[in-house]
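First residue of the sequence shown: 518, per the numbering used here; consecutive thereafter.
For each residue, glycine too, the CB sits at the ideal point set by N, CA and C.
These numbers come from a predicted model, not from an experiment.
Down below is the structure, laid out as structure tokens.
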Amino acid sequence: MSTNFLRPPFLLKQPLPSKFNTCCLHSSTTQTPSHKFPRPNLPTNPIPLDLWPRIKDEARAAVHQESILRNYYSASILSHDSMDTALANHISTKLADSTLPVATLHDLFIAVLREDREIMRAVCHDLLAVKERDPACFGYVHCFLNFKGFLACQTHRIGHNLWRNGRKILALLIQNRVSEVFAVDICCMHDRGGVDAYMRRKSRTPKCIINELKELNKENVTSELMSWQGGTETAVIGDNVSILHNVTLGGTGKVSGDRHPKIGNGVLIGAGTCVLGNVRIEDGAKIGAGSVVLKQVPARTTAVGNPARLIGGKENPIKLDKIPSFTMDQTSHISDWSNYVI
């Protein structure tokens with residue numbers, strides 16, 4: 518999939534996704550005025566019909582290279598006819614303990630996955646996004662078996678389904694097990710949204726605490742989330758967003774109600790970034806690593822620093838001609854930020 522969009526507003530040959538209607542609806546009176554830059558049109562990735570056969574082929578190749586892994590790959594991948602049974606088996610094995618047997622969790626998980634097919638659709642989009650954007654991903658089977666953030670996100674979807682269907686005590690228990698095993702805490706305690714979106718999680722060993730996520734858009738979100746931190750009850754994340762490790766989407770600490778950031782489509786948020794308050798990061802924007810963002814970031818611009826400022830200045834910021842969440846370029850803006858950078 519090409520991400521070179523040389524003529525605004527990001528002309529594409531692929532069909533466009535449905536309009537994103539839930540992001541950037543709220544703003545604070547302290548925000549900077551919106552720059553009326555054209556917003557990017559995001560490409561869509563159809564799910565390959567042979568995705569599960571590809572995963573099984575990768576597993577067979579791995580067994581051929583390392584015969585010692587034959588039993589592991591057979592139990593985890595090769596013995597399963599479909600991805601949902603393999604996923605239910607794998608996460609139940611990971612989360613089981615002396616009081617939660619594997620068989621009990623497996624039956625619970627497979628029932629949810631077969632009842633809510635949108636979860637499996639989201640799983641497939643996660644796999645595609647990780648394979649496309651993460652250079653550390655060797656293949657689909659590598660992500661499916663080994664990426665803790667990926668597994669935590671899929672388990673959250675199951676837990677959120679249980680919560681919406683009134684099985685709240687069980688959902689909370691699963692949330693706790695995910696936190697203990699994967700070091701990822703995603704709150705399921707909301708009837709609207711949750712993280713039921715196609716969220717890419719790159720983290721193999723995440724240190725993230727994701728609490729009280731609410732109203733995340735369900736329409737084709739592909740986000741890389743690696744070590745989020747902070748309670749984000751009213752945060753909103755758009756389509757095709759890439760968020761790297763140690764990112765906080767939080768409140769200012771003194772405001773209640775709708776107090777968390779609204780992230781638009783195609784946004785890249787660099788590692789170690791804090792976005793605080795009910796501020797908008799508009800479509801196609803990029804936040805440099807280590808930034809502290811306190812005000813609105815206009816569409817197709819780059820903000821970096823502590824506190825963050827726009828590359829090119831507030832009145833005439835430099836406009837991006839590529840979708841940053843796809844290019845994953847975190848450093849090209851550095852030379853424009855200052856005439857002296859170590």
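For Ile798, the beta-bridge partners assigned by DSSP are Ile780 and Val814. If you look at Leu679, you'll find it in the alpha helix (DSSP H) that goes Lys665 to Arg681.
Straight through space, the alpha carbons of Arg817 and Gly801 are spaced by roughly 5 Å.
In terms of Cβ geometry, Leu766 and Ser842 do not form a close pair [threshold 8 Å]. The beta-carbon distance between Leu811 and Leu793, rounded to whole angstroms, is 6 Å. This is short enough to meet the 8 Å contact definition. Residue nearest to Pro815 within the set Gly783, Thr610, Lys685 and Ala788 is Gly783 (criterion: CA-CA distance).
For Cys791, the enclosing beta strand (DSSP E) covers residues Cys791 to Leu793.
For Thr765, the uninterrupted beta strand (DSSP E) segment begins and ends at Val764 to Gly767. Its chain contains His607, Ile608, Lys611 and Phe699 as the residues whose beta carbon lies nearer than 8 Å to that of Leu668, once the 5 sequence neighbours on both sides are disregarded; these appear in chain order. Sequence-distant partners of Ile594 (beyond 5 residues in either direction) whose C-beta falls short of 8 Å from its own C-beta, in its chain, are Ile572, Lys573, Ala576, Ala603, Val658, Phe661 and Leu662. Secondary structure note for Leu827: it is in no alpha helix (DSSP H), and the uninterrupted beta strand (DSSP E) holding it is Ala825 to Leu827.
In this structure, DSSP gives Thr621 a helical state, which the three-state scheme calls helix. With a threshold of 16 other beta carbon atoms within 10 Å, Pro652 falls short and is exposed. For Asp702, the three-state secondary structure derived from DSSP is strand. In the three-state reduction of the DSSP assignment, Ala788 falls in the coil class.
Contact between His777 and Gly768 holds: their C-beta atoms lie close to 6 Å from each other, under 8 Å.
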